[in-house]
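There are 2 protein chains.
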Amino acid sequence: MNIHSERFKKVYNSEIAKIEKRLDKLLKGKEPQSLYEPCSYILRGGGKRLRPFLVLISAKIVGGNFKDVYNAALAVELIHNFTLAHDDIMDNSDIRRGRLTLHRKYDINTAILTGDSLIALAYENLLKDCNDNSKKVVAAFTRGIIEVCEGQSLDKDFETRNNISIADYKKMIYKKTAALLKMCCSVGAQLGGASNERLRALSNYGKFLGIAFQIQDDLLDIMAEEREFGKTIGNDLIEGKKTYLFLRALEKAKKEDKVDLLRVIAKKGISRNKIKKYKNLYIKLDVLNDAEREIVKYTKLARKSLSSLPKGEEKKIMYWLANVLITRSK
Amino acid sequence: MNIHSERFKKVYNSEIAKIEKRLDKLLKGKEPQSLYEPCSYILRGGGKRLRPFLVLISAKIVGGNFKDVYNAALAVELIHNFTLAHDDIMDNSDIRRGRLTLHRKYDINTAILTGDSLIALAYENLLKDCNDNSKKVVAAFTRGIIEVCEGQSLDKDFETRNNISIADYKKMIYKKTAALLKMCCSVGAQLGGASNERLRALSNYGKFLGIAFQIQDDLLDIMAEEREFGKTIGNDLIEGKKTYLFLRALEKAKKEDKVDLLRVIAKKGISRNKIKKYKNLYIKLDVLNDAEREIVKYTKLARKSLSSLPKGEEKKIMYWLANVLITRSK
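Keeping their order, the protein sequence lines are chains A and B. Numbering (my numbering) for the first sequence: 677 to 1006. Numbering (my numbering) for the second sequence: 677 to 1006.
This is the structure:
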């Protein structure tokens, strides 16, 4: 962590506070309430608001202003929340960030329609910050959404496929997680007036950040402190998810260990009381350290992507942000 | 019907055949198959392809060319199919156009994700036909999607609300059905280079056409020949839907007739063997003719909207189209 981190944290928090305020105001008084109340419910769910911040900082580092891209920043947060609304239905999740998921608070039909509306509302907000560049910006935005859908479909496929390689896994998390962070950086950069070279650089930053972020997510599932994490530890194992840790363990395991891991696949998960056993197996096979190495590798790639960008406060913030994400505990 | 109708029908059918071909090719070979196969399934479902035709003809009447708006025409058909995919989940429908609905053919999760993808794919295709005008075109497109979502939400509200007026009903069908036809005309007109006056004229044509179209839909539900219609006659009554016919009957009914209608609301529908009884009540209260009058009124308004547009083949086709829609039997 570098000595300026408190200053960067202040910038982040102050911008996120503005985003929160705008999210709060966005749908106030809109009719029909049966649609906009559930939209507001999910948007009030908090979270890191990482994606809007990526839009802001990507615009500023290429010479744009925060104030010219707030609507685009809202737009990416709306898209993120659309994915949460629909993914939670598909994953049959009851709780998100300590509150009932949208389809549990209301019902599945409402959650479907809310997600749909969030997509269209996202475009509506994005356009407010577009000018001559709208075609390119909307195209990047759209590509991000398509890739997220493709990623979600790949992730669903993983549930029934048994021959997933680490390469398959990386392709899936690229689409499911990294493509959206890449899109945030790309949209911000374009609205900020980036050259093609800088646009590419920032897109790569978002992409690598996203891959590191997702592997870190897999790692936190088994390593986090339950209280801080806000979710059950070992949930991925309980659900038999083919995470980085699991696939890497499967790659390295021999004999009985391999049999144990294949049993997780065959039984589509484990019972809660077996978590400790599998965590110990991960430790024995050293896959937690493998994951750490991957996270560090992709974070370095993210930082390196920025090499052609000018030195200064924004670049430092983007370095700091990458570090914060890989040292987070939730 | 006018004497040129065979010629107009030929234009329509020939353009729709091109749209079908392009829809067929659109997603060929795309990965992951788990996502694009269901997308193709719903797109192969046929239908009138009215919405893409509205894009084409609206572009041409203001001086544009069919060939410059085919992608936009595909885009509105993708949006229409997104609404079908998600509405069929919400309505728990098993069959559409003689085939299993998407969530019955696959599962609900697949149908949700397919619908989501169709939205993004629609934007991707729309952009192909946009140039300097993209901001305005994408805004009109987006507004259409937002209104469709609002309309679907109002329609869901109607299921549990008991105090629906004919005005409420018209507002709902404006959003649920007419807004999308209006958007098709607006997008086509803008891509064709329409002046603001002509853009307004064509948008109104689409809007009034949509309202007439939906009331006709309500009427067909009770009046169509079962074999030709392809759906069960009286389904709206079975499900207790608050259609134009039902609300108008409720407005006019007295004493026991009113009690009978209120019972439909209280019981959330009727059994199949009561359809004849309620059809006779509709006849007695003359609401079928009321519906006819409304349909004619809105069709005339649609035609009248075009008054400022130049005489010629396209205008004749748009008149013809309005007539075809209100004399259709399915």
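Positions of the beta carbon are idealized from the N, C-alpha and C atoms, including for glycine.
- According to the DSSP assignment, Lys781/B belongs to the alpha helix (DSSP H) that extends over Leu778 to Lys781.
- Here Arg727/A is buried, its C-beta having at least 16 other C-beta atoms within 10 Å.
- Taking a beta-carbon distance threshold of 9 Å, Lys832/A counts as an interface residue toward chain B.
- In chain order, Asp897 and Thr919 place their CB closer than 6 Å to the CB of Asp912/B, counting only its own chain and leaving out the 5 sequence neighbours on each side.
- According to the DSSP assignment, Ile840/A belongs to no alpha helix (DSSP H), since it is labelled neither H nor E.
- A straight line joining the alpha-carbon of Ser871/A with that of Ala815/B spans about 26 Å.
- In the assembly as shown, Asp792/A is a buried residue. Its beta-carbon has 16 or more other beta-carbons within 10 Å.
- From the beta-carbon of Asn839/B, no residue of chain A is found nearer than 8 Å; the closest lies around 15 Å away.
- Among the residues of chain B, those whose CB is under 7 Å from the CB of Lys811/A are Leu803, Cys806 and Ser810, following chain order.
- Nearest C-alpha to Trp996/A among Ser1005/A, Ser984/A and Thr975/A: Thr975/A.
- In summary, the residues of the segment 775 to 786 of chain A whose CB is separated from some CB of chain B by less than 7 Å are Asn785, in the order they occur in the chain.
- Counted as a single uninterrupted DSSP element, the alpha helix (DSSP H) harbouring His756/B occupies residues Tyr746 to Met766.
- Our two residues, Lys697/B and Gly721/B, have alpha carbons roughly 13 Å apart in a direct line.
- Under the Cβ distance rule, Thr853/A does not count among the residues neighbouring chain B, no pair being separated by less than 9 Å.
- The beta-carbon of Met766/A is placed less than 9 Å from the nearest beta-carbon of chain B.
- Under a criterion of Cβ atoms nearer than 8 Å, the residues of chain A adjacent to His762/B are, in order, Ile788, Leu789 and Asp792.
- For Val814/A, the neighbours in chain B by C-beta distance under 7 Å run, in chain order, Tyr799, Leu803, Ser810 and Val814.
- Against chain A, a Cβ distance below 7 Å from Glu826/B picks out Pro708 and Leu711.
- For Ser879/A and Cys861/A, the gap between their C-alpha atoms comes out near 5 Å.
- Between the beta-carbon of Gly945/B and that of Ile914/B there is about 5 Å, and that keeps the pair under the 8 Å contact cut.
- At least 9 Å separates the beta-carbon of Leu797/A from that of Leu867/A.
- Nearest CB-CB separation between Ser829/B and chain A: below the 9 Å threshold.
- By DSSP's assignment, Ile771/A forms a beta bridge with Leu776/A.
- Collapsing the DSSP output to three states places Val738/A in coil.
- The segment 804 to 812 of chain B makes no contact with the segment 777 to 784 of chain A, as fewer than three CB pairs between them are under 8 Å.
- Taking C-beta separations shorter than 7 Å and ignoring five residues to either side along the sequence, the partners of Phe834/A in its chain run Ile840, Met848 and Lys918, following chain order.
- The beta carbon of Ala929/B lies closer than 8 Å to those of Asp936, Leu937, Leu957 and Leu961 in the same chain, with the five residues before and after it left out.
- Fewer than three beta-carbon pairs drawn from the segment 968 to 982 of chain A and the segment 941 to 955 of chain A are found closer than 8 Å, and the two stretches are therefore not classed as touching.
- If you ignore the 5 residues before and after Tyr881/B, its C-beta comes within less than 7 Å of the C-beta of Cys861, Ala978, Ser981, Leu982 and Met994, all in its own chain and listed in chain order.
- Close to Ala751/B, with beta-carbon spacing below 9 Å, lies no residue of chain A; the smallest spacing is near 11 Å.
- For the segment 781 to 850 of chain A, the full-length alpha helix (DSSP H) segments reaching 4 residues or more read 784 to 804, 810 to 836 and 842 to 849 along the chain.
- Across the structure, Asp893/A and Asp764/A are spaced so that their CA atoms are roughly 17 Å apart.
- Here Asn757/A is near Leu794/A, since their CB atoms are less than 9 Å apart.
- Rounded to whole angstroms, the gap between the alpha carbons of Val745/A and Ala735/A is 7 Å.
- Put simply, the CB of Ile821/B is near chain A, with a gap under 9 Å to one of its CB atoms.
- In this model, Leu923/B and Glu932/B are separated by some 16 Å (Cα to Cα).
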